[in-house]
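Per our numbering, the sequence shown runs over residues 1 to 354. We treat Cβ as the ideally placed atom computed from N, Cα and C, and that holds for glycine. Keep in mind that this is a model prediction, so the values were computed, not measured. Shown next, in structure tokens, is the structure this report addresses.
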Amino acid sequence: MRAEDDFLRDPATLSARLAVPRSVISAGLLTEFAQDYGVDRDALYAGTGIDPDVLGRPDGEITAAQELALVGNLVAATDGVPALGLEAGTRYHLTTHGPLGFAVMSSPTVRAALDVVVRFADLTFSYARIAVEPVEEGVRIAFDDRDVAARMPPAVRRFLAERDLVALETTQREVLGGTDAVVAVQLAHPAPAYADRYAGYLPCEPRFGADVHALIVDPATLDVPLPQAELRTTAIFEQHCHRLLAQRRRRVGLSGAVRAELVRRPADRPSQADVAAALAMSERTVRRRLALEGTSFQELVDETTSILARELLDGGLTVEETAHRLGYSGASSFSHAFRRWTGTTPGGRGTARR
């Protein structure tokens, strides 16, 4: 099975993908989760660019990068708390995923439900690529985060992997009416010091150091009728999913092409004229079409450069090295720009690198 509407994964770089909008539901859950662990809201949102008021809106959206920044702050603020991602995963349910969750819930079989998940994977909150494939032990639901892992602090990668697998375990039990179809668990990271805690969240002892994170399910369950199957409901919510993806495709539009061009040569700091020429358009056309998409060239420059800066700093580069990579004349001018984007200094990013 492969994604039919994988357009959010199409941009050539992780940076372009991180600029894509997503529902605020997951960020809201993580905010409540952080408060349970005593994390101050200001610390949680620092440098993310998230407007707290947006989280209260049913149709609110933030970018994938903003939620990732929030996760980084959460992990840094709770350093030393074991099994954090595992516990966070229990907060995610079918209904958390909106139309996608209801389309899955009303599918006729497990096989059909998995097909829905893969086709609309970009409506989940995962940063990994989701695939369903046969393996020796059964059918593997794989979360492949290898393209993002190198740019992500290990503690953040582990948090997201734990969250995703426990969330999937929780939702598959909801789909099956309490039955558990999982026969094996794989995780790509090494076993953490709290590895014994996994037994309280997952039905099998994980195999660490695998190629991808995954749950493997019994193939005999694939064609079992689901208890809440209703084909008309599935069709309705699949239409909702298609519409959501179409809306996000339009929002990516020229903005996505501009972001990709900015990311392709960040050290050159291309001007609007440069980007327009690369896209075979006039500056006036670029300006007009970006305005129709609700943005501007300068906003995209700031957004894209701030995302790249966070990635480089979180990847271990110094402030001076990051400034050079992004075409700044020195650390001082870069630090000034970084503070304007995020409200924090670039040196503070080191606190999340564990």
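Coarse secondary structure for residue i, derived from DSSP in three states
{"i": "residue 133", "result": "strand"}
{"i": "residue 256", "result": "helix"}
{"i": "residue 111", "result": "helix"}
{"i": "residue 223", "result": "coil"}
{"i": "residue 228", "result": "coil"}
{"i": "residue 216", "result": "strand"}
{"i": "residue 338", "result": "helix"}
{"i": "residue 74", "result": "helix"}
{"i": "residue 171", "result": "helix"}
{"i": "residue 4", "result": "Residue placement at residue 4 is flagged as unreliable, the pLDDT there being 31, under the threshold of 50; a coordinate-derived value is accordingly withheld."}
{"i": "residue 144", "result": "strand"}
{"i": "residue 184", "result": "strand"}
{"i": "residue 120", "result": "coil"}
{"i": "residue 297", "result": "helix"}
{"i": "residue 190", "result": "coil"}
{"i": "residue 153", "result": "coil"}
{"i": "residue 139", "result": "strand"}
{"i": "residue 48", "result": "coil"}
{"i": "residue 23", "result": "strand"}
{"i": "residue 351", "result": "Caution is warranted here: a pLDDT of 41 is assigned to residue 351, below 50, making its placement in the model unreliable, and the coordinate value is therefore given only provisionally. In the structure shown, residue 351 sits in a helix (DSSP, three-state: H, G or I)."}
{"i": "residue 311", "result": "helix"}
{"i": "residue 91", "result": "coil"}
{"i": "residue 344", "result": "coil"}
{"i": "residue 207", "result": "strand"}
{"i": "residue 355", "result": "Residue 355 cannot be examined here, being either before or after the span of the chain that is shown, 1 to 354."}
Assigned exposure category for residue i - 16 Cβ within 10 Å defines buried
{"i": "residue 182", "result": "buried"}
{"i": "residue 206", "result": "buried"}
{"i": "residue 31", "result": "buried"}
{"i": "residue 343", "result": "exposed"}
{"i": "residue 221", "result": "buried"}
{"i": "residue 227", "result": "exposed"}
{"i": "residue 333", "result": "exposed"}
{"i": "residue 201", "result": "buried"}
{"i": "residue 196", "result": "exposed"}
{"i": "residue 246", "result": "exposed"}
{"i": "residue 292", "result": "exposed"}
{"i": "residue 134", "result": "exposed"}
{"i": "residue 126", "result": "buried"}
{"i": "residue 345", "result": "exposed"}
{"i": "residue 322", "result": "buried"}
{"i": "residue 122", "result": "buried"}
{"i": "residue 347", "result": "exposed"}
{"i": "residue 234", "result": "buried"}
{"i": "residue 119", "result": "buried"}
{"i": "residue 12", "result": "Low per-residue confidence applies at residue 12: pLDDT is 39, beneath 50, and the placement is therefore not dependable enough to give any value."}
{"i": "residue 2", "result": "Below a pLDDT of 50, predicted positions are generally treated as unreliable, and residue 2, at 34, falls in that range; the measurement from the model is reported next regardless. Flag for residue 2 reads exposed."}
Reference residue i, options the options, closest by Cα
{"i": "residue 62", "options": "20, 100, 33, 41", "result": "20"}
{"i": "residue 190", "options": "208, 110, 73", "result": "208"}
{"i": "residue 288", "options": "255, 310, 301", "result": "255"}
{"i": "residue 109", "options": "153, 172, 151, 56", "result": "172"}
{"i": "residue 231", "options": "194, 116, 212", "result": "116"}
{"i": "residue 81", "options": "210, 192, 126, 244", "result": "192"}
{"i": "residue 124", "options": "292, 334, 97", "result": "97"}
{"i": "residue 203", "options": "103, 180, 75", "result": "180"}
{"i": "residue 100", "options": "265, 242, 347", "result": "242"}
{"i": "residue 266", "options": "196, 328, 178, 59", "result": "328"}
{"i": "residue 199", "options": "64, 245, 77, 83", "result": "83"}
{"i": "residue 107", "options": "175, 170, 194, 286", "result": "175"}
{"i": "residue 138", "options": "154, 64, 111", "result": "111"}
{"i": "residue 211", "options": "58, 159, 56, 147", "result": "147"}
{"i": "residue 313", "options": "298, 122, 26, 331", "result": "331"}
{"i": "residue 302", "options": "157, 52, 258", "result": "258"}
{"i": "residue 339", "options": "317, 310, 324, 159", "result": "310"}
{"i": "residue 105", "options": "237, 324, 56, 57", "result": "237"}
{"i": "residue 244", "options": "60, 225, 142", "result": "60"}
{"i": "residue 52", "options": "27, 64, 36", "result": "27"}
Cβ distance (whole Å) where residue i is taken to contact residue j below 8 Å
{"i": "residue 355", "j": "residue 131", "result": "No answer is possible for residue 355: it lies beyond the span of the chain, which begins at 1 and ends at 354."}
{"i": "residue 275", "j": "residue 304", "result": "11 Å between Cβ atoms; not a contact."}
{"i": "residue 308", "j": "residue 326", "result": "6 Å"}
{"i": "residue 34", "j": "residue 94", "result": "With a Cβ gap of about 23 Å, residue 34 and residue 94 do not count as contacting."}
{"i": "residue 335", "j": "residue 319", "result": "7 Å"}
{"i": "residue 278", "j": "residue 261", "result": "5 Å"}
{"i": "residue 77", "j": "residue 39", "result": "5 Å"}
{"i": "residue 272", "j": "residue 283", "result": "6 Å"}
**OP:** Decide if the stretch 67-83 is in contact with the stretch 45-53; the criterion is three or more beta carbon pairs, one per stretch, under 8 Å apart.
**Re:** yes
**OP:** Please confirm if the stretch 185-194 is in contact with the stretch 211-219, defined as three or more CB-CB distances below 8 Å between the two stretches.
**Re:** yes
**OP:** Kindly confirm or deny that the stretch 164-171 and the stretch 79-91 touch, where touching means at least three C-beta pairs closer than 8 Å.
**Re:** yes
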